[in-house]
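Chains as they are written, first to last, in our numbering: chain A, 594 to 690; chain B, 918 to 1230.
Encoded as structure tokens, the structure appears first; notes follow it.
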Amino acid sequence: MKAALDIASVLAISAGAFFFLAGTVALLRFPDTLSRLHALTKADNLGLGLVVVGLLPRAGGVSAGLKLLCIWLLALLAGATVSQLIARTVQTRDVRS
Amino acid sequence: MIAALNIGVAALVLALALFTIVARESFAACVGFLAYGLLLTLVWVQLQGLDVALIEGAVGGGLTGVLVIGAAVRLRSTQAAADAVRLGMPARMLAVLLSGGVAAAMAACVLALPDPAPTLAPQVSASMAATGVANPVTAVLLAFRAMDTLLEAIVLVLALIGVWSLAPDRVWGGRPALGYDVDPDGILAYVARILPPIGIVAGIYIFWAGADHPGGKFQGATILAAMWLLAMRAGLTDAPPVDRKWLRLALVAGPAAFFAIGLAGTVTAGAFLAYPDGYAKVLILAIEWALLPSLALTLFLLMAGAPQRMSAP
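Printed below as a string of structure tokens:
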């Protein structure tokens, strides 16, 4: 049981790291702000989510696990907000110019 | 494995520090500085300095980040002029030599420390029981070195006076600028409604936990101030005009209470900032509770900046 949980942890965290890596590569290579934002949200939401899922069995308690989930939800909220704000700024700038 | 991660983080910190210094555009330098603060938080966690990590994350990264970005945005119109000025080669070499010399001297001092480094930690843990608090950092900050904390609280008020004194005469007594185009139905207004309840609970929890666990009033007050700033930037609330009597009183109430308790110590315990036997924990908590609102208000007003508009009639 413990070995199965460990393997699940490793798999989830590796998948999360993969999404972060892919998001970073996209951030460096995509041509314009909007598509870069699009790539970044995938890394943030999915990558961090998978890392949190992988850490849950190792959190050592329900309360610590809930804290991890809260961190993920807060990062989701912050990421969504900031990408909206950046996208809106880009849009108004493009309309003006 | 852990050593490789540590070396990686250290290399990243150095690279970001270098980027922050050499970045041509001031906004890019600010972003570099913010990321640098976050990485430094990680370094402190790795060094087991959780209290320092919390303070670095909240004040070093977050609050200072808001201040430098605000400064960079205000200086944007002067960026072209600043770029046009090119220092001559001798002046640049001198700057490189001076800063390199300072860095080398500091590195030499750190490397010259005896091993193990001189420490007062055993004395602190031996005398902790007398203070009644379980977090050694809180014991040091509010009992053994309470003078430093008192001066810090006062310095923040002085810094705020410095910021306010930048206000032009015609708006003296007015309110700090709102800053951005505010859309009442926008995403920022939405977040400013969702986040403050969470942030206020988190801020007070970190303050409350400070007696026995990593945390404390500075970290808690920074989070509270950030929530207020968020609500203000989203247009949901406003900063108070700086000429209000209650505002001035609230700003000095915390440091004044600290000072009064310290002064009372000269009578009851024989020294300034000494606590009578058995009352240490109660007095420390009283000081923390008195400081929290004043600190949150001071930090908020520091981030909000100098008055820039008169209040609506």
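By construction, the Cβ of each residue, glycine as well, lies at the ideal position given by its N, Cα and C atoms.
CA-to-CA distance, residue j to residue i, given in whole angstroms
i, j, result
"valine 688/A", "leucine 984/B", "30 Å"
"glycine 640/A", "alanine 632/A", "11 Å"
"alanine 921/B", "alanine 1156/B", "47 Å"
"alanine 932/B", "leucine 959/B", "15 Å"
"alanine 657/A", "leucine 1180/B", "43 Å"
"valine 1054/B", "alanine 928/B", "29 Å"
"arginine 681/A", "arginine 622/A", "22 Å"
"threonine 634/A", "serine 676/A", "8 Å"
"aspartate 637/A", "lysine 660/A", "18 Å"
"proline 1193/B", "alanine 1038/B", "23 Å"
"phenylalanine 1217/B", "alanine 1043/B", "38 Å"
"glycine 1127/B", "alanine 1177/B", "22 Å"
"leucine 1068/B", "phenylalanine 950/B", "27 Å"
"glycine 1171/B", "threonine 1215/B", "10 Å"
"isoleucine 1121/B", "leucine 1112/B", "14 Å"
"alanine 940/B", "alanine 1197/B", "49 Å"
"alanine 1060/B", "valine 1074/B", "22 Å"
"threonine 685/A", "valine 930/B", "35 Å"
"lysine 595/A", "arginine 629/A", "39 Å"
"threonine 981/B", "cysteine 947/B", "10 Å"
"alanine 1046/B", "asparagine 1052/B", "11 Å"
"leucine 1141/B", "valine 1118/B", "9 Å"
"leucine 651/A", "isoleucine 664/A", "Sequence check: residue 651/A is arginine here, not leucine. Whole-angstrom Cα-Cα distance: 16 Å."
"leucine 1030/B", "leucine 967/B", "23 Å"
"alanine 601/A", "phenylalanine 613/A", "18 Å"
"leucine 957/B", "valine 969/B", "10 Å"
"leucine 1015/B", "isoleucine 1104/B", "47 Å"
"alanine 1203/B", "valine 655/A", "33 Å"
"proline 1230/B", "tryptophan 1206/B", "Bear in mind that the predicted position of proline 1230/B carries a pLDDT of just 45, short of 50, making it unreliable; the figure below should be weighed with that in mind. Each residue's alpha carbon lies about 35 Å from the other."
"proline 1033/B", "valine 1050/B", "27 Å"
Cβ neighbour criterion (16 or more within 10 Å) applied to residue i
i, result
"proline 1085/B", "exposed"
"glycine 1182/B", "buried"
"tryptophan 1145/B", "buried"
"serine 1211/B", "buried"
"leucine 1028/B", "exposed"
"isoleucine 919/B", "exposed"
"proline 1035/B", "exposed"
"glycine 653/A", "exposed"
"arginine 1165/B", "exposed"
"methionine 1149/B", "buried"
"alanine 1001/B", "exposed"
"alanine 1213/B", "buried"
"leucine 598/A", "exposed"
"arginine 1062/B", "exposed"
"threonine 1139/B", "buried"
"leucine 935/B", "exposed"
"glycine 642/A", "buried"
"leucine 1168/B", "buried"
"arginine 1092/B", "buried"
Beta-carbon gap between residue i and residue j smaller than 9 Å
i, j, result
"proline 1158/B", "glycine 1079/B", "no"
"valine 1041/B", "valine 1057/B", "yes"
"lysine 1162/B", "leucine 1209/B", "no"
"alanine 1151/B", "alanine 1106/B", "yes"
"glycine 616/A", "valine 644/A", "no"
"glycine 1132/B", "phenylalanine 1124/B", "yes"
"arginine 1226/B", "valine 1099/B", "no"
"methionine 1220/B", "alanine 1143/B", "yes"
"leucine 1004/B", "alanine 1012/B", "yes"
"glutamine 1136/B", "valine 1019/B", "no"
"glycine 954/B", "glycine 979/B", "yes"
"threonine 1066/B", "phenylalanine 1189/B", "no"
"glutamine 963/B", "valine 990/B", "no"
For residue j and residue i, believed in contact at Cβ under 8 Å, the rounded distance
i, j, result
"isoleucine 606/A", "glycine 647/A", "4 Å"
"tryptophan 961/B", "glutamate 942/B", "That pair is no contact at about 29 Å."
"leucine 1147/B", "alanine 1109/B", "5 Å"
"isoleucine 1201/B", "threonine 995/B", "Rounded, the Cβ-Cβ distance is 47 Å, inconsistent with contact."
"valine 683/A", "leucine 627/A", "6 Å"
Opposing strand residues paired with residue i [DSSP bridges]
i, result
"arginine 1092/B", "Arg1226/B"
Within chain E, partners of residue i - CB distance below 7 Å
i, result
"valine 1108/B", "Within the model displayed, chain E is absent; protein chains A and B are what it includes."
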